[in-house]
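Chemist:
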Amino acid sequence: NAGVTQTPKFRILKIGQSMTLQCAQDMNHNYMYWYRQDPGMGLKLIYYSVGAGITDKGEVPNGYNVSRSTTEDFPLRLELAAPSQTSVYFCASSWATGSPDTQYFGPGTRLTVL
Amino acid sequence: GENVEQHPSTLSVQEGDSAVIKCTYSDSASNYFPWYKQELGKRPQLIIDIRSNVGEKKDQRIAVTLNKTAKHFSLHITETQPEDSAVYFCAATSPFYGGATNKLIFGTGTLLAVQP
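Just so you know, the protein sequences line up as chains H and V, in that order. Position one of the first sequence corresponds to residue 9 (our numbering), numbered consecutively onward. Position one of the second sequence corresponds to residue 14 (our numbering), numbered consecutively onward.
(1) With a 10 Å radius around its C-beta and 16 neighbouring C-beta atoms as the bar for buried, classify K17 (chain H) as buried or exposed.
(2) Within its chain, find whatever has a CB closer than 8 angstroms to the CB of V26 (chain V); leave out the 5 residues flanking it on each side and keep chain order.
(3) Strictly by DSSP, which residues pair up with F3 (chain H)?
(4) Classify A17 (chain V): buried if its beta carbon has 16 or more other beta carbons within 10 angstroms, exposed otherwise.
(5) Based on the DSSP output, what are the partners of E74 (chain H) in its beta bridges?
(6) Would you kindly work out how many angstroms separate the C-alpha atoms of T78 (chain V) and P21 (chain V), rounded to a whole number?
(7) Quick check on this structure: which residue in H:E67, H:Q93, H:L119 and H:P115 has the alpha carbon closest to the alpha carbon of A100 (chain H)?
(8) State the DSSP-derived secondary structure class of Q30 (chain H), mapped to helix, strand or coil.
(9) Quick check: the Cα distance between T91 (chain V) and Q45 (chain H), rounded to an integer number of angstroms?
(10) Determine whether the beta carbon atoms of T123 (chain V) and L53 (chain V) lie at a separation below 7 angstroms.
(11) Please return the same chain residues whose Cβ sits closer than 8 angstroms to the Cβ of G11 (chain H), not counting the five positions on each side in sequence.
(12) Could you tell me the distance, in whole angstroms, from the CA atom of N73 (chain H) to the CA atom of E28 (chain V)?
(13) On the DSSP bridge list, what partners appear for L124 (chain V)?
(14) Taking 7 angstroms as the CB-CB cut-off, is L88 (chain V) touching chain H?
(15) Using DSSP with H/G/I as helix, E/B as strand and the rest coil, what is Q45 (chain H)?
(16) Check whether chain V comes within 7 angstroms of G11 (chain H), counting only Cβ atoms and requiring the distance to be less than that.
(17) What does L53 (chain H) touch in chain V if you count any residue whose Cβ is under 9 angstroms from its own?
(18) What distance in whole Å lies between the Cβ atoms of L119 (chain H) and G94 (chain H), which are believed to be in contact at a cut-off of 8 angstroms?
(19) Taking Cβ positions only, does P21 (chain V) come closer than 7 angstroms to chain H?
(20) Which residues in chain V have a C-beta closer than 7 angstroms to the C-beta of F18 (chain H)? List them in chain order.
(21) Residues bridged to Q14 (chain H) by DSSP?
(22) Report the residues of the segment 25-47 of chain V with a CB closer than 8 angstroms to any CB of chain H, ordered along the chain.
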């Protein structure tokens, strides 16, 4: 299994541009998550999904959108990029059936907005 | 909502010594407490976790303790080695935080440096 994969690894955007960060998992996990990690800080939850077609906001959703059309994929969309969105973005997935379980993280996407 | 505080922010120990990192949480309903290790430029990786129905869990040189009354949990690393150098994050989740299970709230991390 590849686990959780993310593309691209690095990206530089200009202010106002848009992009989609890709995330895929091959572990048949029902839960998927997007986090951002600012320098020297912990991870903040942006959005999460409990299954295909179901998404909800996390702690810091402003400026982002998500969709989950399949179990495997959970893309994160940035509209009108701003310098405050410069961060490392991690996707994660887990299997949860009523009690929390291990979250597995992807390798991350380092995004710089100039 | 849940809030997790982690201390210290940096910790330097000599090889072979023990290291202890402490976290406190605010939601008494929290029931799952994982610890992640993140090496520079890498993804966070789970090293140990504990659920609210136990007070201690060990895995070789790593142990986690949980005090539900005081709402704090700690990571203990014994016989530290240079390869233990990394940032360690604690996290907590409540059973129905925000209407769904398994939403983690992370501490701000501890940079552990093991001096050879």
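Note that beta-carbon positions come from the ideal geometry of N, C-alpha and C, so glycine has one too.
Modeler: In short:
(1) Here residue 17 (chain H) is taken as the residue at index 9 of the first sequence, counted from 1. Exposed: under 16 other Cβ atoms inside 10 Å.
(2) Numbered from its first residue, the second sequence carries residue 26 (chain V) at position 13. Answer for V26 (chain V): A32, T93, L125, A126, V127 and Q128, listed in chain order.
(3) Residue 3 (chain H) is absent from the structure shown; chain H starts at 9 and stops at 122.
(4) Here residue 17 (chain V) is taken as the residue at index 4 of the second sequence, counted from 1. Checking the displayed sequence, the identity of residue 17 (chain V) turns out to be Val instead of Ala. With 16 or more Cβ atoms within 10 Å of its Cβ, V17 (chain V) is classed as buried.
(5) Against the first sequence, residue 74 (chain H) aligns to sequence position 66. Here residue 74 (chain H) is Val; the residue named in the question, Glu, does not match the sequence. According to DSSP, which records beta bridges pairwise, V74 (chain H) is partnered with H:L84.
(6) One-based indexing of the second sequence puts residue 78 (chain V) at position 65. One-based indexing of the second sequence puts residue 21 (chain V) at position 8. The straight-line gap from Cα to Cα measures roughly 17 angstroms.
(7) In the first sequence, the residue the question calls residue 100 (chain H) occupies position 92. Cα-wise, what sits closest to A100 (chain H) is H:P115.
(8) Counting from 1 along the first sequence, the entry for residue 30 (chain H) is found at position 22. Strand, per DSSP.
(9) Here residue 91 (chain V) is taken as the residue at index 78 of the second sequence, counted from 1. Here residue 45 (chain H) is taken as the residue at index 37 of the first sequence, counted from 1. If I take the Cα positions, the gap works out to 28 angstroms.
(10) For the purposes of this step, residue 123 (chain V) is identified with residue 110 of the second sequence, where counting begins at 1. For the purposes of this step, residue 53 (chain V) is identified with residue 40 of the second sequence, where counting begins at 1. Contact: no.
(11) Translated into positions along the first sequence, residue 11 (chain H) becomes position 3. The answer, listed in chain order, is Q33, D34, M35, Y112 and G114.
(12) Against the first sequence, residue 73 (chain H) aligns to sequence position 65. Against the second sequence, residue 28 (chain V) aligns to sequence position 15. One C-alpha to the other measures close to 45 angstroms.
(13) Numbered from 1 along the second sequence, position 111 holds the residue referred to as residue 124 (chain V). Looking at the DSSP assignment, L124 (chain V) forms a beta bridge with V:T23 and V:V100.
(14) What you label residue 88 (chain V) is simply residue 75 of the second sequence in a count that begins at 1. So, not an interface residue.
(15) As a first step, residue 45 (chain H) must be located in the first sequence, where it is residue number 37. Strand, per DSSP.
(16) Taking the first residue of the first sequence as position 1, residue 11 (chain H) is located at position 3. False, the Cβ-Cβ gap to chain V never drops below 7 angstroms.
(17) Residue 53 (chain H) sits at position 45 when you count from the first residue of the first sequence. Correct list: K116, L117, I118 and F119.
(18) Locating residue 94 (chain H) in the first sequence gives position 86, where the first residue counts as 1. Locating residue 119 (chain H) in the first sequence gives position 111, where the first residue counts as 1. First, the amino acid is wrong: residue 94 (chain H) is Thr here, not Gly. Sure, about 6 angstroms apart at Cβ, within 8 angstroms.
(19) Against the second sequence, residue 21 (chain V) aligns to sequence position 8. So no, P21 (chain V) is outside the interface.
(20) Taking the first sequence and counting its residues from 1, one reaches residue 18 (chain H) at position 10. Ordered by position in chain V, no residue passes the 7 angstroms Cβ test against F18 (chain H), which lies about 11 angstroms from the chain.
(21) As a position in the first sequence, residue 14 (chain H) is number 6, starting the count at 1. DSSP output for Q14 (chain H) lists H:C31 as bridge partner(s).
(22) N44, Y45 and P47
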